[in-house]
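In the UniProt record's numbering, the protein residues as written are 1 to 158.
Just so you know, even glycine gets a beta-carbon here, dropped at the ideal spot from N, CA and C.
Note that the coordinates shown come from a computational prediction; the quantities given were computed from them, not determined experimentally.
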Amino acid sequence: MISLACVLYYFESIFISPFLFLPGGKVGIANLVPLVAIYTVGIKEAIIITVLRVIIVNIIMGRFLDISFYLGFFGGLISNLFMGFFSKTSISVINNSIIGAIIHNMTQLFIVAFFIFHKGIFYYAPFLIIFGFLAGLFNGIVGGYLIKYIKNYLGGDL
1 MISLACVLYY FESIFISPFL FLPGGKVGIA NLVPLVAIYT VGIKEAIIIT VLRVIIVNII
61 MGRFLDISFY LGFFGGLISN LFMGFFSKTS ISVINNSIIG AIIHNMTQLF IVAFFIFHKG
121 IFYYAPFLII FGFLAGLFNG IVGGYLIKYI KNYLGGDL
């Protein structure tokens, strides 16, 4: 699952973002893997997948311990914690994915604000919330189908 997350991240990174107005904006298809993991193998495993994916891809891409590392690390970690919590409630996979994507974006916004020390960065928040909603919706729909497939066809465990 870690390898799949790394490959999905790399695959998405080689294409020009259709969201040019949003620097660094991506759908985050690599986040499908921990989303599915939360519902099939558990939150601990999802966090391990996310943390190792961030470390591996940032080492390979020569960005280990720069700002993009911290954005991915803390955005992924915090969003996984929230999605793990909400996975135990009656919230759907799609809504949980939307929550996770928005939390991921807002965490990244606070990390950037910490590094640049300028409150003007928060004017970016509405765009990040809208984009997080759309990315979370897409990943939630795809993730929901994958989770159903795994639970029905493979018996729920990987």
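| task | Pull up the CB-CB distance for residue 80 and residue 50, whole angstroms please, since I reckon it's below 8 Å. | result | Right, the Cβ-Cβ distance comes to about 5 Å (below 8 Å), so this counts as a contact.
| request: With DSSP as the reference, label residue 92 as helix, strand or coil. | output: It is coil, neither helix nor strand.
| field | Rounded straight-line distance, which links the Cα of residue 28 to that of residue 83 | value | Taking the straight line joining both Cα atoms gives about 15 Å.
| said: Between 12, 30 and 35, which has its C-alpha nearest residue 99's C-alpha? | reply: For the residues 12, 30 and 35, the minimum Cα distance to residue 99 belongs to 35.
| query | Distance, Cα to Cα, residue 47 vs residue 53? | reply | Spanning the alpha carbons of residue 47 and residue 53 requires a straight line of approximately 10 Å.
| Could you give the uninterrupted runs of the alpha helix (DSSP H) lying entirely in the region 105 to 133, keeping only those of 4 residues or more? | Whole alpha helix (DSSP H) segments, 4+ residues: zero.
| query | Secondary structure at residue 14, three-state DSSP: helix, strand or coil? | reply | The answer is coil: DSSP assigns residue 14 none of H, G, I, E or B.
| request: Using a threshold of 8 Å, state whether the C-beta atoms of residue 143 and residue 32 are closer than that. | output: Yes, they are a contact pair.
| message | Could you check whether the region 97 to 111 touches the region 54 to 65, counting it as contact only if at least three pairs of C-beta atoms, one from each stretch, sit closer than 8 Å? | response | No, the region 97 to 111 is not in contact with the region 54 to 65.
| task | Starting from residue 74, trace the alpha helix (DSSP H) both ways and give me its first and last residue. | result | 67 to 86 is the span of the alpha helix (DSSP H), which, as asked, contains residue 74.
| request: Helix, strand or coil for residue 148, going by three-state DSSP, please let me know. | output: In the three-state scheme derived from DSSP, where H, G and I count as helix and E and B as strand, residue 148 is classed as helix.
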